[in-house]
Amino acid sequence: MLLRTILAATTAVAALLVPATAAAAAPDRTTTAGTTTASAATNSTTAAANANANPVIVVGGLIGVSIAYEPIAARLRADGFRVSIFQIPGLGFGDIRESARAFKTYVDQVRARTGAAKVDLVAHSEGGLVSRWYVKFLGGVDVVGRYVSLGSPQQGTYAANILKFIGLGNCAGIVACQQMSIGSDLLTALNGGDDTPGAIRWATVRTWQDELVLPIGNAALSDGANNVLIQSWCPLRLVGHLSLILDGTTYTVVRQVLTDAPVRPNCFAL
0 MLLRTILAAT TAVAALLVPA TAAAAAPDRT TTAGTTTASA ATNSTTAAAN ANANPVIVVG
60 GLIGVSIAYE PIAARLRADG FRVSIFQIPG LGFGDIRESA RAFKTYVDQV RARTGAAKVD
120 LVAHSEGGLV SRWYVKFLGG VDVVGRYVSL GSPQQGTYAA NILKFIGLGN CAGIVACQQM
180 SIGSDLLTAL NGGDDTPGAI RWATVRTWQD ELVLPIGNAA LSDGANNVLI QSWCPLRLVG
240 HLSLILDGTT YTVVRQVLTD APVRPNCFAL
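Residue 8 in numbering that gives the first Met the number 0 is what sits at position 9 of the sequence shown, and the numbering runs on without skipping anything.
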């Protein structure tokens, strides 16, 4: 229901704004045809360039089955990127450090299959922590070219303590949940010193409507990362934690990071 509400609101805003712009322009048929041809040529060139870029690994989050990430993977493929999806073992309930070791093996397999020296990462939620542990402690600093996280609790989240709050113990015994609690040993190690090591292009995306990362500032990194709050650019954009992987505006940020373009979110992207 929340996702349908978000999509309906987004479509309504776009419908109100975009047609007025189109009517004002009202180009003739010749101009439109020429513009369409030029646009197609540009898109073809861009796709060709992306096909030669680093392979992109979409890293899932807690309870994030691979198929849930097909929408963002499909967008990336349509833009010419070589894409694969990493589903965290055990749906992400286990030790994040062990998940990072499994991720290292997966990255090595992708590099062997594609012949690429480096990969780029698009990580959602817990996947952002799994990826960062790989980068910082398992040699990924020399393998990753670009990193963009979507709603990852980089500094932890109060939501991870909710089960303890309601009397069900420390995260009901779920190790990853305990590790995503603010002040956990894992996060202390991960954020100690330089939290964005190497020559990687680091970026994070967060949203005011995130139901799981609280406070939302904890989805950001320091030490030179490009931290994008969707509503700083698009105040009326409604994006929840799960819909970050479906949202068009968020995807424009992902694409800009992966292509080394300046980050300027498109507020009307569907």
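Ideal placement from N, C-alpha and C gives every residue a C-beta, glycine not left out.
In this text the structure is predicted, and so the values were computed from the model without any measurement.
{"Check": "Where does Gly127 fall in DSSP's three states?", "Outcome": "helix"}
{"Check": "Mapping DSSP to helix, strand and coil, what is Ser151?", "Outcome": "coil"}
{"Check": "When the Cα of Pro264 is compared with those of Glu97, Tyr146 and Val204, which residue comes out closest?", "Outcome": "Val204"}
{"Check": "Measuring straight from C-alpha to C-alpha, what distance separates Ala32 and Thr249?", "Outcome": "The pLDDT assigned to Ala32 is 47, lower than 50, so where the model puts this residue is not dependable; a value taken from the coordinates is nonetheless given after this. Cα to Cα, Ala32 sits roughly 30 Å from Thr249."}
{"Check": "May I ask which residues mark the beginning and end of the alpha helix (DSSP H) holding Ile71?", "Outcome": "Glu69 to Ala77"}
{"Check": "Just checking my contact of Ser124 with Gly93 at CB under 8 Å: how many whole Å lie between their CB atoms?", "Outcome": "Rounded, the Cβ-Cβ distance is 15 Å, inconsistent with contact."}
{"Check": "Could you check the C-alpha separation between Leu61 and Pro261 for me, to the nearest Å?", "Outcome": "30 Å"}
{"Check": "Could you give the distance in angstroms between the alpha-carbon of Gly59 and the alpha-carbon of Ile95?", "Outcome": "13 Å"}
{"Check": "Assign Thr203 to one of three DSSP states: helix, strand, or coil.", "Outcome": "strand"}
{"Check": "Decide yes or no for the touch test of the region 168-175 against the region 239-255: beta carbon pairs closer than 8 Å, at least 3 of them.", "Outcome": "no"}
{"Check": "Kindly indicate which residue of Trp232, Phe267 and Ala99 has the alpha-carbon position closest to the one of Gly247.", "Outcome": "Phe267"}
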